[in-house]
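>
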């Protein structure tokens, strides 16, 4: 297969700079209107407006030095004032309670809104990475919210802050009704050269159709990106459909020596794993394949892990890992065109729909200081036996030890990985609210085997 270093994409890579988004303004509590306190009432003589004419002096009995009539008027006015004050005080005392009730209603409303802006309890994850023209490491993680919206969290090693951006939030031509709750997610970065790249997101619609959006040009990771910048130039929903609940995975050209084009993979309704890719080598711009020849049948809704291996003198490959119906971890080696082979790995009894992630190290070449290696992590969704490591080194596969450092990932068994050896998984945060945590592999691929299970906890991924 001929290598196309720049991928042969048929669209412009001109970048449109994002406009600055409006910033929220903090409310200053000192600027609220003040409430006038009591003690400033003035008693008005009810007869003041009737004193324009002389009134004959009449001698009559007095009470406390006042005429009887005046006394009773003053007393009545005083009683009214006292009653008014008491009513005011009672109202003032009750007002906070009434306000609290309103706040509770508001909180209930906010709580409902907040629940829509928290992670979907059964969200799946996808991750990709790239190195920008300044040499900074950039990590991308996509996930789903309770509202079915799909969001992106991006990290730049120079900016050192998670930047959160909506990709699908119902404000563009893509409706939230076009997103299946709990959809599989595929994410990849397509490399055009040292300073040009695109990002692709894949998901499944409720009717089973596959969908994608593309961010043309260089995605910024130091400020939020508007959803309108993501577009759908392919309309793959008219071409490809997956089984309900299918996992998704994708790959984009990452380097000069990597497999060209951009690919995505899914499981069909008949159970087989399918792949499709953009290419200029076909009349309709698409190539596709179904992996059935000498391939063990996948379990329904098998997890899919996709990584790639570059090659300078050999064949660059796309590597797919899945779970067979017999519960065995299986590896498909795909040349990106028509050639592929499959092999069962020494990792069985994965349990029902285990979560699988993988990353590769080195090159598919001989006489290289960077020999080929794989790290594959699996965790069962119906067991608490831990995260299992299966690795490839020195030409053979080995079922390694459990990865104790990732024990927090066992409960929810939802993982993602990228080629920079970062692992992401959903864990239970405070109050059982799901959150995403990042780990970094802390081993040398040609070093001590005992260290292959070492991972450093980096921290919580910033989300909404």
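Numbering (the UniProt record's numbering), first residue to last: 1 to 464.
Virtual Cβ for every residue (Gly too), placed ideally from N, Cα, C.
All of these numbers come straight from a predicted model, not from anything done at the bench.
#1: Taking residue 140 as the reference, which of 133, 134, 150, 154 has the closest Cα?
#2: Could you tell me which of 395, 378, 382, 396 sits nearest to residue 389, measuring between CA atoms?
#3: Can you give me the C-alpha to C-alpha distance between residue 151 and residue 448, rounded to a whole angstrom?
#4: Let's see if you can read the secondary structure: which residues bound the beta strand (DSSP E) around residue 264?
#5: Assign residue 370 to buried or exposed, taking buried as 16 or more other Cβ atoms, counted over all protein chains shown, within 10 Å of its Cβ.
#6: Would you check if the segment 426-439 and the segment 358-375 touch, i.e. whether three or more CB-CB distances between them fall below 8 angstroms?
#7: On a Cα-Cα basis, can you pick out the residue from 454, 269, 193 that is closest to residue 302?
#8: Mind checking whether residue 227 and residue 214 have CB atoms under 8 angstroms apart?
#9: Unbroken beta strand (DSSP E) runs of length 3 or more, entirely within the segment 333-411: which are they?
#10: By Cβ distance, which residues of its chain are closer than 6 angstroms to residue 325, with the 5 residues on each side in sequence left out?
#11: Would you tell me roughly how many angstroms separate the C-alpha atoms of residue 311 and residue 440, rounded to the nearest one?
#12: Going by other Cβ atoms of all chains shown within 10 Å of its Cβ, with 16 needed for buried, is residue 246 buried or exposed?
#13: Please give the ranges of any beta strand (DSSP E) in the segment 167-227, keeping only runs that are unbroken, at least 3 residues long and fully inside the region.
#14: Going by the beta-carbon positions, is the gap between residue 237 and residue 209 smaller than 8 angstroms?
#15: If we require 3 or more residues per run, which beta strand (DSSP E) segments fall completely within the segment 294-324?
#16: Could you check what DSSP says for residue 254 in three-state terms: helix, strand or coil?
#17: Out of 307, 281, 308, 272, state which residue places its alpha-carbon closest to the alpha-carbon of residue 294.
#18: Drop a sphere of 10 angstroms on the beta-carbon of residue 148, count the other beta-carbons inside from all chains shown, and report buried for 16 or more, exposed for fewer.
#19: Within the same chain, show all residues whose beta-carbon is closer than 6 angstroms to that of residue 266, passing over the 5 residues directly before and after it, in chain order.
#20: For residue 402, tell me which candidate among 452, 418, 414 has the shortest Cα-Cα distance.
#21: Using only the alpha-carbon positions, how far apart do residue 446 and residue 400 sit?
#22: Mapping the DSSP letters down to three states, classify residue 431 as helix, strand or coil.
#23: If you draw a straight line from the C-alpha of residue 337 to the C-alpha of residue 330, how long is it?
#24: Report the residue from 194, 230, 198 whose alpha carbon sits nearest the alpha carbon of residue 211.
Taking the definition as stated:
#1: 154
#2: 378
#3: 38 angstroms
#4: 262-267
#5: exposed
#6: no
#7: 269
#8: no
#9: 340-344, 355-361, 373-379, 388-393, 396-402
#10: 297, 299
#11: 25 angstroms
#12: buried
#13: 186-193, 196-204, 210-215
#14: yes
#15: 305-309, 317-323
#16: coil
#17: 272
#18: buried
#19: 242, 246, 248, 274
#20: 452
#21: 15 angstroms
#22: helix
#23: 20 angstroms
#24: 230
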